[in-house]
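A.B. asks: To start, I am sharing the structure in question, which I have written as structure tokens.
There are 2 protein chains.
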Amino acid sequence: MAHASNSRGQTRIQKEKSEAILAAALKVFANYGFRGATIDQIADEAGLSKPNLLYYFKNKEDMHHQLIERILVIWLDPLRQFSATGEPVEEICAYVQRKLEMARDFPLQSRLFCSEVLQGAPNIMSELTGPLKTLVDEKAMLIEHWAKAGYINPVDPYHLLFSIWATTQHYADFSIQVEAVLAQNKQHWFVDASAHLDKLFRTLLKPS
Amino acid sequence: MAHASNSRGQTRIQKEKSEAILAAALKVFANYGFRGATIDQIADEAGLSKPNLLYYFKNKEDMHHQLIERILVIWLDPLRQFSATGEPVEEICAYVQRKLEMARDFPLQSRLFCSEVLQGAPNIMSELTGPLKTLVDEKAMLIEHWAKAGYINPVDPYHLLFSIWATTQHYADFSIQVEAVLAQNKQHWFVDASAHLDKLFRTLLKPS
DNA sequence: CTATATTTTTACTACAAAGTCAAATTTATT
DNA sequence: AATAAATTTGACTTTGTAGTAAAAATATAG
Chain F
1 MAHASNSRGQ
11 TRIQKEKSEA
21 ILAAALKVFA
31 NYGFRGATID
41 QIADEAGLSK
51 PNLLYYFKNK
61 EDMHHQLIER
71 ILVIWLDPLR
81 QFSATGEPVE
91 EICAYVQRKL
101 EMARDFPLQS
111 RLFCSEVLQG
121 APNIMSELTG
131 PLKTLVDEKA
141 MLIEHWAKAG
151 YINPVDPYHL
161 LFSIWATTQH
171 YADFSIQVEA
181 VLAQNKQHWF
191 VDASAHLDKL
201 FRTLLKPS
Chain A
209 MAHASNSRGQ
219 TRIQKEKSEA
229 ILAAALKVFA
239 NYGFRGATID
249 QIADEAGLSK
259 PNLLYYFKNK
269 EDMHHQLIER
279 ILVIWLDPLR
289 QFSATGEPVE
299 EICAYVQRKL
309 EMARDFPLQS
319 RLFCSEVLQG
329 APNIMSELTG
339 PLKTLVDEKA
349 MLIEHWAKAG
359 YINPVDPYHL
369 LFSIWATTQH
379 YADFSIQVEA
389 VLAQNKQHWF
399 VDASAHLDKL
409 FRTLLKPS
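Just so you know, the protein sequences line up as chains F and A, in that order.
For reference, each letter of the first sequence is one residue, going 1 to 208 in this note's numbering.
For reference, each letter of the second sequence is one residue, going 209 to 416 in this note's numbering.
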């Protein structure tokens, strides 16, 4: 039986196959959303038969749930790293860069998150109003403190964060539009976007 | 027969019902994407039986197609209005405000567009590489001209537009996240977001 | 009011998708 | 090699969904 496994944890095959399945599921869920995705499609993408896939994950929701959980960790991580030590403007600009790199390196995760939120965040609402809000409130206080101390220009910390999330994730979520408008290949936008966003936020924050 | 209609065009009932159906379809497509949406759900939302709905629209794609067409017009309109007459910084900031108002007033349209692009833009790819690209190229040239003439700070015009789209549409597409983090009701974000984005782009563009 | 065009409903078909089960096969252990 | 455990497959049931057809009901024009 899958996942009952032995005392040393997962089998080699279990590790390989469930990773392959999650990778396939990420691709399909990111493109079609939870309801639009089909198990057949995911199984196909992973190179397995449907019953074989269902040997590893008991149903569609199970796969989705595991993916969403992983993404929330990845998603919150750069914000956690955002620390009070270091020069404020540089700290915020470094955060922008980290987020942009994530948009380049994990576009599917960004799209799955987008898809989930678009659908009303049915599986992560409590995460948003709980841990995310707590973390954002904390960092917002830090930003306000920086503003009051004159390290950065006064700015609405919440909307600053929204702007950072929006501009960086845009390159993952709307990459097709970005590439259509620029008539460029995959991720050619990165260098220019990086310079542009650095300038955008640096100009805003630099104390006058 | 529907849509064969009489010489004066559509019947009163045809006008009313097909509008009600499109409104319902917009809601459902925006939430679940094309594949995730079901005709039953749309019919339910519109208060009709499924066969009755299919009397007005021959299939699911038909509804989606009509919605997408309408949205592309609305979507491109503020960018078209973006004119060479008037003070450059004000012109761009006014564009930001128009886009933000659209995010407030037509969130479902924004989400449907987002959903379509997320899924690889299967129905609008030619619009993106054609009319949209042409229009963007044209406006990018105008912005570059403004920069060269010293009316605005030099800036990458394409990435400027991406930033504007990203920051404004974010409030429609991620409104659930925005409202969860702010712990606020619907659209309470508008006033603060408006001030924040004005400052963000005005600071960037103001010639130094 | 009545004839005609229209709208709506009921009953249906065909097919896609989720998920199960037991048998067959493969892999790991001794 | 023999055995046990893990993995894979094929055949299946059930439910959901798209779409059709023809009859019934309703609205509209003369």
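Ideal placement from N, C-alpha and C gives every residue a C-beta, glycine not left out.
Computed from a prediction, not measured in an experiment: that's the story for all the values here.
When burial is assigned at 16 or more other CB atoms within 10 Å of the CB, is ASN393 of chain A buried or exposed?
C.D. replies: Position 185 of the second sequence, counted from the first residue, corresponds to residue 393 of chain A. By the neighbour-count rule (16 or more Cβ atoms within 10 Å), ASN393 of chain A is not buried but exposed.
A.B. asks: Contact defined as beta carbons within less than 8 angstroms: I believe TRP165 of chain F pairs with PRO88 of chain F. What is the distance between those atoms, to the nearest angstrom?
C.D. replies: Reading the first sequence from its first residue, position 165 is the one you call residue 165 of chain F. Reading the first sequence from its first residue, position 88 is the one you call residue 88 of chain F. Going by Cβ atoms, the distance from TRP165 of chain F to PRO88 of chain F rounds to 19 angstroms, so no, they are not a contact pair.
A.B. asks: Among A:PHE242, A:TYR263 and A:PRO315, which has the Cα closest to the Cα of LYS223 of chain A?
C.D. replies: Residue 223 of chain A sits at position 15 when you count from the first residue of the second sequence. It is A:TYR263.
A.B. asks: Among residues of its own chain, excluding the 5 on either side of ARG288 of chain A, which ones have a beta-carbon nearer than 8 angstroms to its beta-carbon?
C.D. replies: Against the second sequence, residue 288 of chain A aligns to sequence position 80. Taken in chain order, the residues that qualify are LEU343.
A.B. asks: Give me the Cβ distance between GLU91 of chain F and PHE82 of chain F, rounded to the nearest whole Å; I'm assuming they're in contact under 8 angstroms.
C.D. replies: Residue mapping note: residue 91 of chain F aligns to position 91 of the first sequence, counting from 1. Residue mapping note: residue 82 of chain F aligns to position 82 of the first sequence, counting from 1. Yes, GLU91 of chain F and PHE82 of chain F are in contact; Cβ-Cβ is about 7 angstroms, under 8 angstroms.
A.B. asks: Express the C-alpha separation of TRP75 of chain F and LEU390 of chain A in angstroms, rounding to a whole number.
C.D. replies: Within the second sequence, residue 390 of chain A is the residue found at index 182, counting from 1. Within the first sequence, residue 75 of chain F is the residue found at index 75, counting from 1. In a straight line, the C-alpha of LEU390 of chain A is about 18 angstroms away from that of TRP75 of chain F.
A.B. asks: Kindly confirm or deny that the segment 313-322 of chain A and the segment 228-241 of chain A touch, where touching means at least three C-beta pairs closer than 8 angstroms.
C.D. replies: Yes, the segment 313-322 of chain A touches the segment 228-241 of chain A.
A.B. asks: Cα separation between ILE276 of chain A and ALA245 of chain A?
C.D. replies: Residue numbering aside, residue 276 of chain A sits at position 68 when the second sequence is read from its first letter. Residue numbering aside, residue 245 of chain A sits at position 37 when the second sequence is read from its first letter. Distance between the alpha carbons of ILE276 of chain A and ALA245 of chain A is about 15 angstroms.
A.B. asks: ALA84 of chain F and LEU128 of chain F - do their beta-carbons sit closer together than 7 angstroms?
C.D. replies: Taking the first sequence and counting its residues from 1, one reaches residue 128 of chain F at position 128. Taking the first sequence and counting its residues from 1, one reaches residue 84 of chain F at position 84. No. Outside cutoff.
A.B. asks: Between LYS268 of chain A and ILE247 of chain A, what straight-line distance do the alpha-carbon atoms span, to the nearest angstrom?
C.D. replies: Translated into the one-based positions of the second sequence, residue 268 of chain A becomes position 60. Translated into the one-based positions of the second sequence, residue 247 of chain A becomes position 39. Taking the straight line joining both Cα atoms gives about 7 angstroms.
A.B. asks: Any idea what DSSP makes of ASN6 of chain F, helix, strand or coil?
C.D. replies: Working through the first sequence from its first residue, we reach residue 6 of chain F at position 6. Its pLDDT being 42, under 50, ASN6 of chain F is placed unreliably in this model, and the coordinates cannot settle the point.
A.B. asks: Using the Cβ count rule (16 or more neighbours within 10 Å means buried), how would you classify SER285 of chain A?
C.D. replies: Here residue 285 of chain A refers to the residue found at position 77 when the second sequence is read from its first residue. Per the sequence shown, the amino acid found at residue 285 of chain A is Asp instead of Ser. Its Cβ having fewer than 16 others within 10 Å, ASP285 of chain A is exposed.
A.B. asks: Could you list which residues in chain A have their beta carbon closer than 7 angstroms to that of TYR158 of chain F, in chain order?
C.D. replies: Along the first sequence, one-based indexing puts residue 158 of chain F at 158. Those within 7 angstroms of TYR158 of chain F in chain A are VAL389 and LEU390.
A.B. asks: Can you tell me which of F:LYS17, F:PHE174, F:LEU112 and F:ALA149 puts its alpha carbon nearest to the alpha carbon of LYS206 of chain F?
C.D. replies: Residue 206 of chain F sits at position 206 when you count from the first residue of the first sequence. The candidate whose alpha carbon is nearest that of LYS206 of chain F is F:ALA149.
A.B. asks: For chain F, check one thing: does any of its Cβ atoms lie closer than 7 angstroms to the Cβ of SER215 of chain A?
C.D. replies: For the purposes of this step, residue 215 of chain A is taken as residue 7 along the second sequence, with counting starting at 1. In this predicted model, SER215 of chain A has a pLDDT of only 38, less than 50, meaning its place in the structure is not dependable; the value taken from the coordinates is given anyway. So no, SER215 of chain A is outside the interface.
A.B. asks: Contact criterion: CB-CB distance below 7 angstroms. Does LYS341 of chain A meet it with respect to chain F?
C.D. replies: Residue 341 of chain A sits at position 133 when you count from the first residue of the second sequence. True, the Cβ-Cβ gap to chain F drops below 7 angstroms.
A.B. asks: Among A:THR219, A:GLN218, A:SER257 and A:ARG243, whose alpha-carbon lies nearest the alpha-carbon of LYS229 of chain A?
C.D. replies: Against the second sequence, residue 229 of chain A aligns to sequence position 21. Per the sequence shown, residue 229 of chain A should be read as Ile rather than Lys. The shortest Cα separation from ILE229 of chain A among A:THR219, A:GLN218, A:SER257 and A:ARG243 belongs to A:SER257.
A.B. asks: Please list, in chain order, all residues of the same chain as ALA401 of chain A whose beta carbon is under 7 angstroms from its beta carbon, the five residues on each side excluded.
C.D. replies: Within the second sequence, residue 401 of chain A is the residue found at index 193, counting from 1. If we look at ALA401 of chain A and ignore the five residues flanking it on each side, its Cβ neighbours are LEU308 and TYR379.
A.B. asks: Helix, strand or coil: how does DSSP classify ASN52 of chain F here?
C.D. replies: In the first sequence, residue 52 of chain F corresponds to position 52, counting from 1. If DSSP states are grouped into helix, strand and coil, ASN52 of chain F belongs with the helices.
A.B. asks: So, is ARG8 of chain F buried or exposed, given that buried needs 16 or more other C-beta atoms within 10 angstroms?
C.D. replies: What you label residue 8 of chain F is simply residue 8 of the first sequence in a count that begins at 1. With a pLDDT of 46 at ARG8 of chain F, under the threshold of 50, the modelled position of that residue is not reliable, and the figure given next carries that caveat. Exposed: under 16 other Cβ atoms inside 10 Å.
A.B. asks: Mapping DSSP to helix, strand and coil, what is THR85 of chain F?
C.D. replies: The residue labelled residue 85 of chain F in the question sits at position 85 within the first sequence. THR85 of chain F: coil per DSSP, three-state reduction.
A.B. asks: With 8 angstroms as the limit, tell me which residues of the segment 110-128 of chain F have their beta carbon closer than that to any beta carbon of chain A; keep them in chain order.
C.D. replies: Correct list: ARG111, CYS114, SER115, VAL117, LEU118, GLN119, GLY120, ALA121, MET125 and LEU128.
A.B. asks: Assuming VAL117 of chain F contacts GLN385 of chain A (C-beta within less than 8 angstroms), just tell me the rounded distance between them.
C.D. replies: On the first sequence, residue 117 of chain F is found 117 positions in, with the first residue counted as 1. On the second sequence, residue 385 of chain A is found 177 positions in, with the first residue counted as 1. Confirmed, Cβ separation roughly 5 angstroms.
A.B. asks: By Cβ distance, which residues of its chain are closer than 7 angstroms to PRO154 of chain F, with the 5 residues on each side in sequence left out?
C.D. replies: Locating residue 154 of chain F in the first sequence gives position 154, where the first residue counts as 1. Hits under 7 angstroms: ALA147.
A.B. asks: Looking at the C-beta of ASP248 of chain A, does it have a partner C-beta in chain F at a distance below 7 angstroms?
C.D. replies: As a working mapping, residue 248 of chain A is identified with position 40 in the second sequence. No, no contact with chain F.
A.B. asks: Would you please verify whether the beta carbon of ASP400 of chain A is less than 7 angstroms from any beta carbon of chain F?
C.D. replies: On the second sequence, position 192 is the one that residue 400 of chain A refers to. Chain F, which has a Cβ nearer than 7 angstroms to the Cβ of ASP400 of chain A, makes this yes.
A.B. asks: When the Cα of ARG306 of chain A is compared with those of A:GLN274, A:HIS367, A:GLY338 and A:THR375, which residue comes out closest?
C.D. replies: Numbered from 1 along the second sequence, position 98 holds the residue referred to as residue 306 of chain A. The option with the nearest alpha carbon to ARG306 of chain A is A:THR375.
A.B. asks: Give me the residue from A:ASP252, A:SER334, A:GLN377 and A:PRO365 with the minimum Cα distance to GLU346 of chain A.
C.D. replies: Looking up residue 346 of chain A in the second sequence gives position 138. Nearest of A:ASP252, A:SER334, A:GLN377 and A:PRO365 to GLU346 of chain A, Cα basis: A:PRO365.
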